[in-house]
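There are 2 protein chains.
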Amino acid sequence: MGPLDSYLPYLLNRAGARIATAFGEEVRPLGASLQMWRVLAALRERDGRRMGDLSFTTSIEVSTLTRLVDQMEKKGLVDRRDDPADARVVLLHVTADGKRLTRRIVPIAERYEKVALKGFAPVEAQVLRAALRRLYANMDELYD
Amino acid sequence: MGPLDSYLPYLLNRAGARIATAFGEEVRPLGASLQMWRVLAALRERDGRRMGDLSFTTSIEVSTLTRLVDQMEKKGLVDRRDDPADARVVLLHVTADGKRLTRRIVPIAERYEKVALKGFAPVEAQVLRAALRRLYANMDELYD
DNA sequence: ATGTATTATTTGTAAATGCAAATAAATGAT
DNA sequence: ATCATTTATTTGCATTTACAAATAATACAT
């Protein structure tokens, strides 16, 4: 029907990709990537999480996450520990360096939030966030 | 500050990735991918476009696009032609098969639009689209 | 208690992506 | 007219990613 830039998936991807790229460039000098930031942000909410849990909350595929965590471990940002209760499980913990890095990224993330939402009233921003959550939930229905 | 799922870039990416994946699965049986559909949709708006132009309107990186178009050409969906006015330029044209495929994908794209926006009033959908365009434009300001 | 099914993570492998360099052609300045 | 600069596309290469298979450990049923 309409032109490409009226398609929601396109608009969504385009905007998402642009923010992701810009943000990624911003945190690269700190030795991090967007995905690493996601993991750090998830661990900031709750530390010592299992891989599957992290995969779910960050929306990073588990096999991708494994390799990402490999890198983060090499950089000394996180720590894989065994779960005493279940030997299959790996619990991921932030290190002191990881926390330091997190503290440096937080203000960048906040700035990006501002730049992306420039000209949006607070209500509009909340409406947008709500819409994106709804949209995400709607896609669940396709999995039956 | 808040939890990961209050960050706009995350919400955006998560929703975008989910739609992209689902849509991709849907069109794979037809021998297409999401990105191919983007190219076809752009050519449906206007045929005989140059690579750089297509890259811009589809938001697909030029080098990625080159290889994507290689595949599409092999499948007989599009046709690379020389621009008589400028020998550097490649003009991309849809073939009859490409048009046939496009006609088969259009209804799928429309269905996805509906599924993604289920429960949204038409106004809400338009507000969302406008917000995504604005957000995309806002990111331009970072390139100075 | 033993075998089967389930769950958690990792590894193999192939495809997609993006940056930078290479190629090729046009434009503009001298 | 010739050379340097810019523009358009492609290729080289390294990184990211995802699916599926492999590995390892628990849980469940008999």
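Those sequence lines, one after another, are chains A and B. Quick note: to get the numbering used here, add 55 to the position in the first sequence (first position is 1). Quick note: to get the numbering used here, add 55 to the position in the second sequence (first position is 1). The C-beta atom is built at its ideal place from N, Cα and C for all residues, glycine as well.
Contact list for Arg93(A) against chain B, beta-carbon separation under 8 angstroms: For the C-beta of Arg93(A), the chain B residues within less than 8 angstroms are, from N- to C-terminus, Leu59 and Tyr65.
For Arg136(B), does the three-state DSSP call read helix, strand or coil? Here DSSP, grouped into helix, strand and coil, assigns Arg136(B) to strand.
How would you list, in chain order, the residues of chain A whose beta-carbon sits under 7 angstroms from the beta-carbon of Ile160(B)? At a C-beta separation below 7 angstroms, Ile160(B) has no neighbours in chain A, since its nearest C-beta there lies roughly 11 angstroms away.
How would you write the range of the alpha helix (DSSP H) that Asp108(B) sits in, first residue to last? Residues Met106 to Thr113.
Considering only heavy atoms of the ligand GDP, does any lie closer than 7 angstroms to the CB of Leu183(A)? Because no ligand of any kind appears in the structure shown, any question about the ligand GDP cannot be addressed here.
For a contact meaning CB atoms closer than 7 angstroms, what does Asp173(A) contact in chain B? Checking the sequence shown, residue 173(A) turns out to be Lys, not Asp. Simply Asn193.
Does the separation of the CB atoms of Leu67(A) and Leu63(B) fall below 8 angstroms? In terms of Cβ geometry, Leu67(A) and Leu63(B) do not form a close pair [threshold 8 angstroms].
Between the beta-carbon of Ser61(A) and the beta-carbon of Arg69(B), is there less than 8 angstroms? No, the pair does not count as a contact, with Cβ atoms beyond the cut-off.
According to the neighbour-count rule (16 or more other Cβ atoms, all chains shown, within 10 Å of its Cβ), is Ala142(B) buried or exposed? The residue is exposed, with fewer than 16 neighbouring Cβ atoms inside 10 Å.
Straight-line gap, Gly86(A) to Ala96(A) (C-alpha atoms, nearest Å): Approximately 16 angstroms, taken between the alpha carbons.
Just the Cα atoms here: how many angstroms apart are Lys129(A) and Val182(B)? Approximately 44 angstroms between the Cα atoms of the pair.
So, using beta-carbon positions, are Glu80(A) and Leu59(B) closer together than 8 angstroms? No Cβ-Cβ contact shorter than 8 angstroms links Glu80(A) with Leu59(B).
Take Thr121(B) and list the residues in its own chain whose beta-carbon comes closer than 8 angstroms to its own, dropping the five residues that flank it on each side. Beyond the five residues adjoining it in sequence on each side, Thr121(B) comes within less than 8 angstroms, by CB distance, of Met106 in the same chain, given in chain order.
Report yes if the C-beta distance between Leu147(B) and Leu98(B) is below 8 angstroms; otherwise report no. In contact: Leu147(B) and Leu98(B) (Cβ atoms closer than 8 angstroms).
Arg10(A), buried or exposed, once every other Cβ within 10 Å from all chains shown has been counted against 16: What the structure shows of chain A is the stretch from 56 to 199, and residue 10(A) is not part of that stretch, so it cannot be assessed.
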